[in-house]
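Q: Read in the numbering used here, the sequence shown has 433 at position 414, and its numbers run on one by one without any break. Right, I'll just put the structure down here and ask away after.
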Amino acid sequence: MRNTCEIATAALEGFIAAARERDLPVLQQTPMAELSDQLDLTRLITKGGLHGDTLRQFLETYLASATRLHHPGNMAHQVAIPAPGTAAAALVDAVTNNVMAIYEMGPSAATVEFAVINWMLAKVGWTPAPLPGASSETACAGGTLTSGGSLANLTALSAARQRAAPDAWQQGNPDNLILVAPAGCHYSIKRAAGILGLGCNAVKDAPTDAEGRIIPDQLKDFILEQRQAGNVIMAVVANACATAAGLYDALRPVATICRELDVWLHIDGAHGASALVSATHRHLLDGVDLADSLIWDAHKMLQTPALCAAVLVRDHRDLDRAFQQDASYLFHDKDQPGFDFIHRTVECTKAGLGLKLFFALATEGEQAIAAFIDRQMALCVQAAGFIGAQPDFEVAAAPQSNILCFRMTGDDALQLTLRKKLTERGNCYISSTEFRGRRWLRISLMNPATAMIDIQTLIAEIRVCAHKNASSLAVA
Ligand SMILES: *Cc1c(COP(=O)(O)O)cnc(C)c1O
20 MRNTCEIATA ALEGFIAAAR ERDLPVLQQT PMAELSDQLD LTRLITKGGL HGDTLRQFLE
80 TYLASATRLH HPGNMAHQVA IPAPGTAAAA LVDAVTNNVM AIYEMGPSAA TVEFAVINWM
140 LAKVGWTPAP LPGASSETAC AGGTLTSGGS LANLTALSAA RQRAAPDAWQ QGNPDNLILV
200 APAGCHYSIK RAAGILGLGC NAVKDAPTDA EGRIIPDQLK DFILEQRQAG NVIMAVVANA
260 CATAAGLYDA LRPVATICRE LDVWLHIDGA HGASALVSAT HRHLLDGVDL ADSLIWDAHK
320 MLQTPALCAA VLVRDHRDLD RAFQQDASYL FHDKDQPGFD FIHRTVECTK AGLGLKLFFA
380 LATEGEQAIA AFIDRQMALC VQAAGFIGAQ PDFEVAAAPQ SNILCFRMTG DDALQLTLRK
440 KLTERGNCYI SSTEFRGRRW LRISLMNPAT AMIDIQTLIA EIRVCAHKNA SSLAVA
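Structural data, given as structure tokens:
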């Protein structure tokens, strides 16, 4: 094992260093058929031999066509550049393989998960769960880690359904069950509605302003109208922040209405809940503690390798009921030394996801993560100022997070062409999205190595692409 890991570590160190130096493109799209040959996959699968020099050779080819997240020009997707220490956590998890949904199968892994969940609950302002064995009669919050925000949304909404339609687990859904969510919610909300059997049509668009934020003043009437029409509202979903432009819904007024009308409020904080760690930015989630459930991805802004997402609920019993009708057990009633997460998750074999997050936090302490978040937010404001000041560019909305949408003067098709050309050149990697009915170029500033020089390079690269586009049109 040591030999194999040493070969891999050496290769990865070279990979990171080259990316940081901007020596190689962020990405290159080698055709799969070619790559499959280069990697010699079929022969290796049948004959084996992935040791020593063969392993070195394989990793060299593999990493050459890997997308370089560590490259400062990588601004495309909401994926963490993992903190260096987390690689060791992934190794420990892979070797011990202590899948821990049942405590006895991985006491250390379960204890670490319990601790990081409690850390998150405290950041939300909810009551962390007492350690099993501690006698406590007070209500407490709860949570679990799961494999991604999409699964976390499904889990939280399954918990919401148990409250709105307690018979649904056995009998199936009543046909008047609906969700209320802003149209710009992540697609996993509609997907969850499909999986839960409500159907995507049961997701009703919440009233929103031009930038896609819920209008609290209109939400109340909307809910009352839906009830008047005979519908039962399973949950209101709010974004913190929305995926497209990274804008936050006003959680406190939305939550106040949900409390008043006794509706479950689910907050999708997959990307943006990490602002809770920052004293400077946690105000963006003001009122989050009034919600019933929240999801929070560590593999986005907490520098944790994929996948590590949290489902958190204000009352732990809601999550214990998420996948069954009767889960009246309380953890302190159980006669065992630890805690089982199995009731709270779709997964049966459940990886020890907490260790990677724990390493991300504990290597430098949570203050380092807070400083990272503050830095990325400040960079985004600076980038918006710079791009907005260019005569040939326009910014979609003042950023509230580390996500920014902008476009070059021209139509929607131009933005798609620019992104395509940019990706072919490979020096910068960005995404694109629809927002306010138009197509935008989009950056997520996830990389602690990205600086203003990279934003300037990006704009210069886009101009080169636009120029080429114009000259190719002229030739045509
Ligand atoms: C990324 C994201 C998700 C999905 O999370 P995954 O971990 O990618 O499954 C859900 N909601 C929002 C707002 C997101 O940004």
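Backbone N, C-alpha and C fix where the C-beta goes; we use that ideal spot for every residue, glycine too.
By Cβ distance, which residues of its chain are closer than 8 Å to residue 414, with the 5 residues on each side in sequence left out?
A: Within the sequence shown, residue 414 is the residue found at index 395, counting from 1. Answer for residue 414: 403, 406, 407, 423, 424, 425, listed in chain order.
Q: Kindly identify the DSSP beta-bridge partner or partners of residue 378.
A: Reading the sequence shown from its first residue, position 359 is the one you call residue 378. Paired residues: none, contrary to the question.
Q: Tell me whether the beta-carbon of residue 314 lies closer than 7 Å to the beta-carbon of residue 172.
A: As a first step, residue 314 is located in the sequence shown; it is residue number 295 there, counting from the start. As a first step, residue 172 is located in the sequence shown; it is residue number 153 there, counting from the start. Contact flag set, yes.
Q: Measure the alpha-carbon distance for residue 270 versus residue 428 and round it to whole angstroms.
A: The residue given as residue 270 occupies position 251 in the sequence shown. The residue given as residue 428 occupies position 409 in the sequence shown. If I take the Cα positions, the gap works out to 34 Å.
Q: Check the Cβ-Cβ distances between residue 88 and every residue of chain C, and say whether any is below 7 Å.
A: Protein chain content of the structure displayed is limited to a single chain, and chain C is not contained in it.
Q: Evaluate contact between the stretch 80–90 and the stretch 42–57, counting only Cβ atoms and requiring at least three cross-stretch pairs below 8 Å.
A: Cβ pair count under 8 Å is three or more, so yes.
Q: Hey, quick one: how far does the alpha helix (DSSP H) through residue 164 stretch, first residue to last?
A: Along the sequence shown, read from residue 1 onward, the residue named residue 164 stands at position 145. No alpha helix (DSSP H) contains residue 164, which is instead part of the beta strand (DSSP E) from 161–165.
Q: For residue 249, which of 276, 288, 194 has the nearest alpha-carbon?
A: Translated into the one-based positions of the sequence shown, residue 249 becomes position 230. Minimum Cα distance to residue 249 is reached at 194.
Q: Evaluate residue 51 with the Cβ neighbour count: other Cβ atoms within 10 Å of its Cβ, from every protein chain shown; 16 or more gives buried, anything less gives exposed.
A: Taking the first residue of the sequence shown as 1, we reach residue 51 at position 32. By the neighbour-count rule (16 or more Cβ atoms within 10 Å), residue 51 is not buried but exposed.
Q: Would a C-beta distance cut-off of 7 Å place residue 254 and residue 283 closer than the cut-off?
A: As a working mapping, residue 254 is identified with position 235 in the sequence shown. As a working mapping, residue 283 is identified with position 264 in the sequence shown. Yes, Cβ-Cβ distance for residue 254 and residue 283 is below 7 Å.
Q: Give the DSSP-derived three-state secondary structure of residue 489 in the structure shown.
A: By one-based count along the sequence shown, residue 489 stands at place 470. Residue 489 falls in the helix class under three-state DSSP.
Q: Just the Cα atoms here: how many angstroms apart are residue 238 and residue 102?
A: Counting from one through the sequence shown, the residue named residue 238 turns up at place 219. Counting from one through the sequence shown, the residue named residue 102 turns up at place 83. The straight-line gap from Cα to Cα measures roughly 40 Å.
Q: What does a CB cutoff of less than 6 Å around residue 435 pick up in its chain, not counting 5 residues either side in sequence?
A: Counting from 1 along the sequence shown, the entry for residue 435 is found at position 416. The answer is none, since no qualifying residue turns up.
Q: At the level of alpha carbons, what is the spacing between residue 182 and residue 203?
A: What you label residue 182 is simply residue 163 of the sequence shown in a count that begins at 1. What you label residue 203 is simply residue 184 of the sequence shown in a count that begins at 1. Approximately 25 Å between the Cα atoms of the pair.
Q: Assuming residue 420 and residue 95 form a contact by the criterion Cβ under 8 Å, report the distance between their Cβ atoms to the nearest whole angstrom.
A: To locate residue 420, count along the sequence shown from 1; it is residue 401. To locate residue 95, count along the sequence shown from 1; it is residue 76. That pair is no contact at about 15 Å.
Q: Does the Cβ-Cβ distance between residue 466 and residue 100 come in under 7 Å?
A: Residue mapping note: residue 466 aligns to position 447 of the sequence shown, counting from 1. Residue mapping note: residue 100 aligns to position 81 of the sequence shown, counting from 1. A contact, by the Cβ cut-off of 7 Å.
Q: Whose C-alpha, out of 63, 81, 263, 233, is nearest the C-alpha of residue 30?
A: Mapped onto the sequence shown, residue 30 falls at position 11. Cα-wise, what sits closest to residue 30 is 81.
Q: Following a CB-centred definition, is residue 373 positioned closer than 6 Å to any heavy atom of ligand 1?
A: Walking along the sequence shown from the start, residue 373 turns up at place 354. It does not: the Cβ of residue 373 is nowhere closer than 6 Å to a heavy atom of ligand 1.
Q: Using the beta-carbon count (16 or more within 10 Å), is residue 388 buried or exposed?
A: Position 369 of the sequence shown holds residue 388. With 16 or more other Cβ atoms within 10 Å, it is buried.
Q: Helix, strand or coil for residue 51? Go by DSSP, reduced to three states.
A: On the sequence shown, residue 51 is found 32 positions in, with the first residue counted as 1. Here residue 51 sits in helix by DSSP.
Q: Please classify residue 351: does DSSP put it in a helix, a strand, or coil?
A: For the purposes of this step, residue 351 is taken as the residue at position 332 of the sequence shown. With a pLDDT of 44 at residue 351, under the threshold of 50, the predicted position of this residue should be treated as unreliable, though the coordinate-derived value follows. DSSP places residue 351 in helix when its eight states are reduced to three.
Q: So what does DSSP say about residue 452, is it helix, strand or coil?
A: Here residue 452 corresponds to residue number 433 of the sequence shown, with the count starting at 1. Strand, per DSSP.
Q: Whose C-alpha, out of 211, 369, 289, 79, is nearest the C-alpha of residue 129?
A: As a position in the sequence shown, residue 129 is number 110, starting the count at 1. The candidate whose alpha carbon is nearest that of residue 129 is 369.
Q: Which first and last residues belong to the alpha helix (DSSP H) in which residue 129 is found?
A: Looking up residue 129 in the sequence shown gives position 110. Taken as a continuous stretch (DSSP letters only), the alpha helix (DSSP H) holding residue 129 covers 126–143.
Q: Under a Cβ-count criterion, where at least 16 other Cβ atoms within 10 Å of its own Cβ denotes burial, should residue 302 be classed as buried or exposed?
A: Position 283 of the sequence shown holds residue 302. Residue 302 is exposed by the Cβ-count criterion.
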